[in-house]
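**Q** Residue numbers (my numbering): 5 to 203. Provided herewith is a single structure, encoded as structure tokens, for subsequent inquiry.
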Amino acid sequence: MKQSQGRQPQRTCIACRKVADQADLVRYVLAPDQRVVVDYRHKLPGRGAYTCLSAECLSTAVARQAFQRCFRGKADLPDAADLLVQLVNQIELRIESLLGMARKSGQVESGTSAALGRIRGRKPSGVLMVSDDISEGIAEKLRAAALTHNVPAYTLFDKSRIGRLLGKGERSAVVVTAGALADTMKDELERLALVVREN
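Shown next, in the form of structure tokens:
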């Protein structure tokens, strides 16, 4: 989400009034049916409203009717829980997309043995993703190896969803090779963890 060159456009969170880079905030737009919707990738047309990447700021914006003010009274009163679900879904879709790109470019090792081999190997690993339905013993083994080799580890999706994203059968672990794609994926996984942890 972050652009790398030059000065970034600044926006203000409609809840806490903090000024931040536009890329670091969550954007919302008004749909044709007057509903407020999350525009996580900042690509939808129209006037935007922004909050920090925080369930607290989102709830505050709804409670204070900040969306109605921002959209000049044209917005239906949004539901904070619905907007939070939209946000989580859009971050997960972004992670799925990044995982698909990593697979297509040959930057993925999947399965417990392959993931452990990659983490312990000579080539640097960027990020480890462990399924949420993996056995605790195997998960601890993977996390310990990741910790030893300074590879960030995250728990997300179930085995069948990871396997489907990789075009394979069930997969309990995925390692993405170190590089720009892994860095972006790590940023998105951190953002998702922040939102989910707050909720």
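Ideal Cβ placement from N, Cα and C applies to all residues, glycine included.
If I'm right that Val-131 touches Val-155 with Cβ under 8 Å, what's the distance once you round it to whole angstroms?
**A** With 8 Å as the limit, Val-131 and Val-155 qualify as a contact, their Cβ atoms being about 7 Å apart.
**Q** Please tell me whether Val-40 and Pro-82 are closer than 8 Å, where the distance is taken between their beta carbons.
**A** Contact flag set, yes.
**Q** Comparing alpha-carbon positions, which option in Cys-61, Ala-143 and Ala-182 lies nearest Gln-111?
**A** With distances taken between Cα atoms, Gln-111 lies closest to Ala-182.
**Q** So, helix, strand or coil for Gln-12, using DSSP?
**A** Coil, per DSSP.
**Q** Can you tell me where the beta strand (DSSP E) holding Gly-52 begins and where it ends?
**A** 52-55 is the span of the beta strand (DSSP E), which, as asked, contains Gly-52.
**Q** I'd like the span of the beta strand (DSSP E) that includes Asp-25, first residue to last.
**A** Unbroken beta strand (DSSP E) run through Asp-25: 23-25.
**Q** Considering only DSSP beta bridges, list what Arg-31 is partnered with.
**A** DSSP, once it has assigned bridges, lists Tyr-54 as partnering Arg-31.
**Q** Within this structure, are the beta carbons of Asp-54 and Arg-98 separated by less than 8 Å?
**A** The identity of residue 54 in the sequence shown is Tyr, whereas the question assumes Asp. Taking 8 Å as the Cβ cut-off, Tyr-54 and Arg-98 do not qualify as a contacting pair.
**Q** Closer than 8 Å by C-beta to Ala-35: which residues in its own chain qualify, once you throw out the five before and the five after it? Chain order, please.
**A** Excluding sequence neighbours, Ala-35 sits near Val-41.
**Q** Closest by CA to His-46, which one among Phe-75, Ala-27, Ser-58 and Thr-64?
**A** Closest option to His-46, Cα to Cα, is Ala-27.
**Q** Less than 8 Å between the CB atoms is what I'm expecting for Leu-170 and Arg-107, so what's the real figure, rounded?
**A** Leu-170 to Arg-107, Cβ: 5 Å. Contact.
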